[in-house]
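Enquirer: Basically the working numbering = 1-based index in the sequence shown + 3. Quick one: the structure is below, questions incoming.
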Amino acid sequence: MEPWKERKLVTIIFQKHEDCAYQKNKLLARLLTGSILAHEMMHAWLRLQGYGRLSPDVEEGICQVLAHMWIESEIMASSSSNVASTSSASSSTSTSSKRRARSQFDQKLGEFFKHQIESDTSMAYGDGFRAGHRAVLQYGLKRTLEHIRLTGTYPFETTMAYIL
Ligand SMILES: [Zn+2]
Numbered sequence: 004m005e006p007w008k009e010r011k012l013v014t015i016i017f018q019k020h021e022d023c024a025y026q027k028n029k030l031l032a033r034l035l036t037g038s039i040l041a042h043e044m045m046h047a048w049l050r051l052q053g054y055g056r057l058s059p060d061v062e063e064g065i066c067q068v069l070a071h072m073w074i075e076s077e078i079m080a081s082s083s084s085n086v087a088s089t090s091s092a093s094s095s096t097s098t099s100s101k102r103r104a105r106s107q108f109d110q111k112l113g114e115f116f117k118h119q120i121e122s123d124t125s126m127a128y129g130d131g132f133r134a135g136h137r138a139v140l141q142y143g144l145k146r147t148l149e150h151i152r153l154t155g156t157y158p159f160e161t162t163m164a165y166i167l
């Protein structure tokens, strides 16, 4: 191959690699920033709504529940954009397969972030999240928040205390 052609090919490969790394970093930053913002905004919302002093597991746990929900919504959005791109007749096969690959990567990264929250070993963030998540699955977010506002605890824990 002529030297100038080879240089051009190397440049294209590097650009492709950088583009891919940039896209991954951008997504990583978006998921990380978004989940942190969801968590911090929940702290602010609790204060603005007049929630009293909460125990760290309830306070941090419910904020982690919101961060987890935000990541889940991002995964859903990414999977629906995948469906949209595959059903689009105007996009070429290579473009739609690229989009599909990126969307699958988005979903995997989202699942990884979700798993990080779910498997946290700390009492406040980890145990707090798991108790909050169970409560939200059982009673819904609105009722769980109402219960926290009235009692400072998760409804699940109240049920447990009642049984004991
Ligand atoms: Zn926090």
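Yeah, the Cβ is synthetic: ideal placement off N, Cα and C, and Gly gets one too.
Looking only at C-alpha atoms, which of 65, 29, 37 sits nearest to residue 46?
Expert: Position 43 of the sequence shown, counted from the first residue, corresponds to residue 46. That would be 65, whose Cα lies nearest to the Cα of residue 46.
Enquirer: What does the alpha-carbon distance come out to for the pair residue 138 and residue 147?
Expert: Here residue 138 corresponds to residue number 135 of the sequence shown, with the count starting at 1. Here residue 147 corresponds to residue number 144 of the sequence shown, with the count starting at 1. Each residue's Cα considered, the two are about 6 Å apart.
Enquirer: Return the first residue and the last residue of the alpha helix (DSSP H) that residue 127 is part of.
Expert: Mapped onto the sequence shown, residue 127 falls at position 124. That residue, residue 127, is in no alpha helix (DSSP H); it is neither H nor E in DSSP.
Enquirer: Just to confirm, does residue 71 get its C-beta within under 7 Å of one of the non-hydrogen atoms of ligand 1?
Expert: Residue mapping note: residue 71 aligns to position 68 of the sequence shown, counting from 1. Incorrect: residue 71 has no Cβ contact closer than 7 Å to ligand 1.
Enquirer: Can we count residue 136 as close to ligand 1, meaning its CB is less than 7 Å from some heavy atom?
Expert: To locate residue 136, count along the sequence shown from 1; it is residue 133. No, Cβ of residue 136 sits at least 7 Å from all heavy atoms of ligand 1.
Enquirer: Tell me where the alpha helix (DSSP H) around residue 153 begins and ends.
Expert: For this step, residue 153 is matched to residue 150 along the sequence shown. Residues 144 to 154.
Enquirer: Between residue 81 and residue 155, is the Cβ-Cβ spacing less than 8 Å?
Expert: For the purposes of this step, residue 81 is taken as residue 78 along the sequence shown, with counting starting at 1. For the purposes of this step, residue 155 is taken as residue 152 along the sequence shown, with counting starting at 1. Cβ distance not < 8 Å, so residue 81 and residue 155 don't count as in contact.
Enquirer: If you measure from each CB to the nearest heavy atom of ligand 1 and keep those under 5 Å, what residues do you get, in chain order?
Expert: That gives 63, 66.
Enquirer: Report yes if the CB atom of residue 71 is closer than 8 Å to the CB atom of residue 136, and no otherwise.
Expert: Numbered from its first residue, the sequence shown carries residue 71 at position 68. Numbered from its first residue, the sequence shown carries residue 136 at position 133. In this structure, residue 136 lies closer than 8 Å to residue 71 by Cβ.
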